[in-house]
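Number of protein chains: 6
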Amino acid sequence: MNGLEAIIRQALSEDAPMGDVTTEGIVPEHASGKAVFIAKQEGVICGLAVAAKVFSLLDNQIRWEEKVSDGTQVSEGTEIAIVQGRLRALLQGERVALNFLQRLSGIATLTRRFVTKVAPYGVRIADTRKTTPLLRMLEKYAVRCGGGVNHRFSLSDGVLIKDNHIRIAGSVREAVQRVLRHTHHLLRIEVEVQTLEQLKEALECKVDAILLDNFSLDEIQTAVHFVQEWAQKTGQPRPLLEVSGGVTLENVEAIARTGVDLISVGTLTHSAPALDISMEVLV
Amino acid sequence: MNGLEAIIRQALSEDAPMGDVTTEGIVPEHASGKAVFIAKQEGVICGLAVAAKVFSLLDNQIRWEEKVSDGTQVSEGTEIAIVQGRLRALLQGERVALNFLQRLSGIATLTRRFVTKVAPYGVRIADTRKTTPLLRMLEKYAVRCGGGVNHRFSLSDGVLIKDNHIRIAGSVREAVQRVLRHTHHLLRIEVEVQTLEQLKEALECKVDAILLDNFSLDEIQTAVHFVQEWAQKTGQPRPLLEVSGGVTLENVEAIARTGVDLISVGTLTHSAPALDISMEVLV
Amino acid sequence: MNGLEAIIRQALSEDAPMGDVTTEGIVPEHASGKAVFIAKQEGVICGLAVAAKVFSLLDNQIRWEEKVSDGTQVSEGTEIAIVQGRLRALLQGERVALNFLQRLSGIATLTRRFVTKVAPYGVRIADTRKTTPLLRMLEKYAVRCGGGVNHRFSLSDGVLIKDNHIRIAGSVREAVQRVLRHTHHLLRIEVEVQTLEQLKEALECKVDAILLDNFSLDEIQTAVHFVQEWAQKTGQPRPLLEVSGGVTLENVEAIARTGVDLISVGTLTHSAPALDISMEVLV
Amino acid sequence: MNGLEAIIRQALSEDAPMGDVTTEGIVPEHASGKAVFIAKQEGVICGLAVAAKVFSLLDNQIRWEEKVSDGTQVSEGTEIAIVQGRLRALLQGERVALNFLQRLSGIATLTRRFVTKVAPYGVRIADTRKTTPLLRMLEKYAVRCGGGVNHRFSLSDGVLIKDNHIRIAGSVREAVQRVLRHTHHLLRIEVEVQTLEQLKEALECKVDAILLDNFSLDEIQTAVHFVQEWAQKTGQPRPLLEVSGGVTLENVEAIARTGVDLISVGTLTHSAPALDISMEVLV
Amino acid sequence: MNGLEAIIRQALSEDAPMGDVTTEGIVPEHASGKAVFIAKQEGVICGLAVAAKVFSLLDNQIRWEEKVSDGTQVSEGTEIAIVQGRLRALLQGERVALNFLQRLSGIATLTRRFVTKVAPYGVRIADTRKTTPLLRMLEKYAVRCGGGVNHRFSLSDGVLIKDNHIRIAGSVREAVQRVLRHTHHLLRIEVEVQTLEQLKEALECKVDAILLDNFSLDEIQTAVHFVQEWAQKTGQPRPLLEVSGGVTLENVEAIARTGVDLISVGTLTHSAPALDISMEVLV
Amino acid sequence: MNGLEAIIRQALSEDAPMGDVTTEGIVPEHASGKAVFIAKQEGVICGLAVAAKVFSLLDNQIRWEEKVSDGTQVSEGTEIAIVQGRLRALLQGERVALNFLQRLSGIATLTRRFVTKVAPYGVRIADTRKTTPLLRMLEKYAVRCGGGVNHRFSLSDGVLIKDNHIRIAGSVREAVQRVLRHTHHLLRIEVEVQTLEQLKEALECKVDAILLDNFSLDEIQTAVHFVQEWAQKTGQPRPLLEVSGGVTLENVEAIARTGVDLISVGTLTHSAPALDISMEVLV
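Residue numbers (this note's numbering), protein chains in the order written: chain A, 109 to 391; chain B, 109 to 391; chain C, 109 to 391; chain D, 109 to 391; chain E, 109 to 391; chain F, 109 to 391.
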């Protein structure tokens, strides 16, 4: 992953810009030992390679052994990994490793819960760009570990015409036409619509995908039927239908049942609670 | 704040490593306009200067006007800020600005709820080092905006002898003595204890502060009384008492009532849900 | 453009890591003056904003006035821009500004020559990833200034299944299926084919675009007819057809005449000769 | 070479800021294989260590075996190097490795052609500062691989008084005197002259080298004779004579025959066409 | 140590931005050899790991063998370390390694002389923030190698209320109170005083430490007695007493004799002469 | 100066990685004021632009007014500069600004003392590469401010064949010949010699400059006479003569009297004591 090492170095420097005054006082420089990472809560583990890298950057002699792999659902008390080597490095890396591991596992865990709800309906759960600044590639990886799929990674690798774009262009049609003149031929076009009228306009523009933004359950159902009829009537391929906005663990199954293809959920990355994990030195 | 500009530049690059293909297609290069940031939920706003910086790094001509200030409690629908300038910069900065603003406001909002619960008891709510990698200084600022206080910023500016240190040193006493020989004279010493026995040992070492880690409510009460009696009996100054572990909005008031000085809460930074905020272009 | 400022700073440091010993000896520190950029050859100008930035990074008081704009075809002797300010900054920036300007203008000029040849046939000329390391965004901009269009910017924003991928997967079909399971829904799929058999397989996979790699003129013509018949017969949409490999100013018109959609040309960026431009101090 | 690793990392990030979506979909994470680099054109190879580094930065387990060494003249079809290891790393590094290799080999190849022309006359071919921004040290290395010599590396390690300096100082003499007061004692002084008058003035200033800028063949011959006579007459050592401006493969031999010492050629680095090289996965 | 590698890389680049033209001309690329570091003067060695890192960054095959360890007092002529490997790397690293080694050993040597003087009195010698920009962590390490102790590392990890702060706040009391409301509970408070009046005010504020700034020997003695009496009279703990300003090797013993706890000496880092060390290639 | 801003940013971050806890507690965020920089010792001031930059990077509204200029000899008590603006920025920048200013002024002051001693003899005082890592360009500037001249800036911009090179090459002659084949034509050749025999060999190689390394006063005198006679006898130009090694304020005048051209002094940069300067806030 591009730049992962740089990110971890910055995180280590943030957590100990001038050394670890407690550990340097207590732990002899060459003392070595072993510590175990334990899940204190049920959940899906994610970020083991990041944690391993934290320790290897502090001391390239450290040994890291994984007891489970990323994407594994574990129960409370499960041993996740063992780390062995210089005790100072273990203690100095502890919090940084856990901060990554807990956040990524939190995201994977929450994603898994959404994915499980919609699994019977063949619908995919996708992430958004509502990720933590500087951690997007990691968080999108966590979503995949939880069973979700990724939406575009950035503003550079996917066209999504949103509310504000349409307002500036004046209409869905105008926005789509401008984009078609500009983007390279390997990018599809998706349009975010707020109303049935916009949905119709988008269909006529033959876009590749349509995002129903903040539609109620009834409106989603209506939209799905409308699009299916339109496709049959016109013989055009039916665009991919995505739903976003206000999706919760409570309503996601009902949304999936309407027949949309993709449900994107900002909560996965902007509001997933951390999974409780701890590191304990074995003496 | 050291390095804030660098962090924002990285975030912008992460969100558009090769430009914003949608916006560049739709919005004319020199078109300008105005957008408004609106709270879609009740909460405490935090991070306005960060959002302002996002836009000024994209275009140093952009004007930013704040309608509220950091730390303000706002109701749903409140206008938070207005941004004016080149539309392309507004759209390219939107998500990055919101990602910072929503996270920091989420932390400030959750902190405010904890602080409000304990306010009657003169107890302070503190953060921890369980922060998002690379965003610690910002998140600690958000805690202050919410009314909380900061714990140490890193391993370099405060001595906290934890579980693992004690295990390695062999005893609380040995750990404290080693640290006293090492750290400079402007740092206090805090010890994390798991049991009443360790608490007694820490008192005898005359440490400056004691952290009761994962104590039950009853154990906290017992500890507080024990420390008070010890102080009276010995004529020694009573060390500061901190509680951490398993603190929730439900039990924080009861903990505050026991007479401890400080309650530190990892949830403030590792599990605060984002505050819902949006940016709308005005046409 | 992300990181442009950083690139220019590196270029300036490369050209004067320890100052400009000639200029510092000869030109008084506060002497100011004016210089003019002149095209010594006919061609298409590109990179004026980069040159302007070179000087503004050396001295933010410098004034830069453009006499033409990027994309303009100029004749030999045309004044391109005037730069005014501290003479030391003018001389120290000269070579770096010219190195950018001459290369980008060289690319724009060569692109324009290709574009002019194919203009009557409604075919587009595209660039490739065969760009100068670290200068890709600039060079792709130069291609647009010359009238070309951009292909994908990187391995991250477009799926192009190439020779080596097919060999590893075992077949076109297998490669396409694997990619479809992996990529997000906003990316199209293009397959590079070497033979008519692979072309047929790609059509059956319903990919969005097909790249005819190193086909002879006759083979291209055959392929175009084959695809058209297949589309009529099956009622499927005809995929976009791209040609690449061995394209020259001599054969590009004939290729365009075959009815393909896109001709991509590595030469545009890897072998365009620099356009001759000079900077003269006016005394 | 200072900073080479940083440059390659930037190049890799430029070519895959968010991963290689095609390869990640098609090639299993742990699949390994072998690929061969083949010259598709006759020329001089240069940049093998750079290509090796590209792959080792992607995966430090990769094995790289060179079949020829930098500076070797190869014929079409020659195997240049074999790379073995994780297939994903091979594919992700392919284009970046080739972009370096093709450009540097292009420069070495063109340099060799110039050098061969002037070899019988004992004249050296030198490069200029007209190099690709950020790649100067590599490109100067390529010139050496082609048999050329390097001119100064930057504005910091050589004094070259040019046209613009003379205009600002008012005369060759004044410019030389100012520089002599300023530079350290390990730098020689070269002056660029446009006319015989300036040449005389430079001789009287006893500079170490003189650059005849854009002189015609006749003017060069006249200048060489003039300088020889002056040296005999005055008993002064004859300064080194350099020619630059308008040098081509067609006229370089005639220039060499005039008896100058050094011919510097901007074309070597700013306009050398890339050498065609490809990488093929062996299955 | 955070960022040490980055600092060494910058130092290497500073000393050879475009290679080592002498060594590259004289020493064959693959020639290897051995060199020895020798103290040319009596003193305390410090910085061996830094020197080792200099060479390992130039060539990771180089072997480094230490004959003494950091903190060792050596006599003139002592062999400090042996370095073996590629001769080019040895010569290119020589000056950078020595520049670090000589400076750090100079600091350790001077510190040792101060420490020796005060050893009989149980007083500690501390450094200050008057360190070389970018080298603070290294220089503070050198002070420890010389037997001194560190004062705070930065403005972030210790509260020291100085002259200018008191002037701005209006009084010692006001300054102390403001700081107490702001800083986290793990930081002590030290106040710098210029007069006995300020000393009294500081005592009443119950600060943890008091710095007597630029006091004469008599004034220091008076202050020590005053503080002792105050402590006895009030039953308060006696704050730590630090002296700073105008401390020299001549007067430091007399100061130590007054009974203060800590003497901080800017000279240790801002004016220590380098220790003379050389590297000799063994042929 | 390349990278000066980056160096100052690193220095500021080093001195306050997590803010200035004292100042932030005491000084209101928007309070502004004025401070004066005062020389506490007689000496030559150097580094005012660096100090100014320190403050402008902390707050671009700060005003900086210089009372003297770099290179001015000042007496104790002289006001050097006034800085006005936000008090927090003044206090946070104080130590960093002083650390630069005191070191650079210390170097300029010591250089001035050496220069004054040799002024009557027309001999120049030069610096060496024995500078503080990362601060070389600044320290070489300080030497110029003190009236000295610069030796080469790095291993890249001057050829100096030293002891170790000669030992590896086998002889002075062999070393010189190898270098001549390698370096570009704008670099002179200097050889460091330890004996009269080496001196003779160097003369026969017609090098441009000779460094008498660690010669006694008598040996220097003998060498100067020998070189003069050789020049007369052979009619060759006399190479520049440099002395280095063991030069002190006590013996420098005697060395200058021998008739050498250049005396280089490592002490100027590796052992100059800081000049005492302070910053006082005016209230």
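All residues carry an ideal CB built from backbone N, CA and C; glycine is no exception.
Buried or exposed by the 16-neighbour rule on C-beta atoms within 10 Å, applied to residue i
i	result
E/Pro241	buried
F/His333	exposed
B/Lys161	buried
A/Glu173	exposed
B/Thr377	buried
C/Ser372	buried
F/Gln200	buried
Neighbouring residues, chain A, relative to residue i (Cβ below 9 Å)
i	result
B/Gly155	What B/Gly155 touches in chain A: nothing, since even the nearest Cβ is about 11 Å away.
Euclidean distance between Cα positions of residue i and residue j
i	j	result
B/Ser392	B/Thr366	Since the first and last residues shown for chain B are 109 and 391, residue 392 of chain B lies out of range.
D/Val204	D/Arg117	10 Å
F/Ala197	C/Leu383	49 Å
D/Val231	D/Leu370	6 Å
D/Arg211	F/Gly111	29 Å
A/Gln181	A/Arg194	30 Å
F/Asp167	F/Glu113	14 Å
F/Leu156	D/Ser262	28 Å
D/His273	F/Pro347	28 Å
F/Ala362	E/Ile146	29 Å
C/Ala159	C/Leu120	12 Å
Simplified DSSP assignment, three categories, for residue i
i	result
F/Val176	coil
C/Arg203	helix
C/Gln329	helix
B/Glu132	helix
Beta-carbon neighbours of residue i, restricted to chain B and to distances below 7 Å
i	result
F/Met126	Met245, Phe261, Ser262, Asp265
Residues that residue i contacts on chain E, provided the C-beta gap is smaller than 8 Å
i	result
D/Gly111	Ser121
Contact list for residue i against chain E, beta-carbon separation under 9 Å
i	result
B/His292	Ala234, Val257, Asn258, His259, Arg260, Phe261, Asp265, Gly266
B/Ala317	His293, Leu294
Within chain A, the residues that residue i reaches when beta carbons sit closer than 8 Å
i	result
B/Gln210	Lys238, His378
C/Leu198	Chain A residues near C/Leu198: none, gap ~36 Å exceeds 8 Å.
Whole-number beta carbon distance between residue j and residue i, since they are thought to touch under 8 Å
i	j	result
D/Ile318	D/Leu307	6 Å
B/Asp123	A/Arg237	7 Å
F/Lys142	F/Ile190	6 Å
F/Val251	F/Glu298	Rounded, the Cβ-Cβ distance is 18 Å, inconsistent with contact.
Contacts of residue i in chain F (Cβ-Cβ under 7 Å)
i	result
E/Ala331	Those within 7 Å of E/Ala331 in chain F number zero; the least Cβ separation is about 22 Å.
Cross-chain neighbours of residue i in chain D, by beta carbon under 9 Å
i	result
F/Glu298	His293, Leu294
Under 7 Å by beta carbon: chain C residues contacting residue i
i	result
D/Ser382	Inspection of the sequence shows that residue 382 of chain D is occupied by Ala rather than by Ser. Within 7 Å Cβ-Cβ: His378, Ser379.
Partner residues on chain G for residue i, Cβ-Cβ distance less than 8 Å
i	result
C/Leu390	Protein chains A, B, C, D, E and F are contained in the structure displayed, whereas chain G is not.
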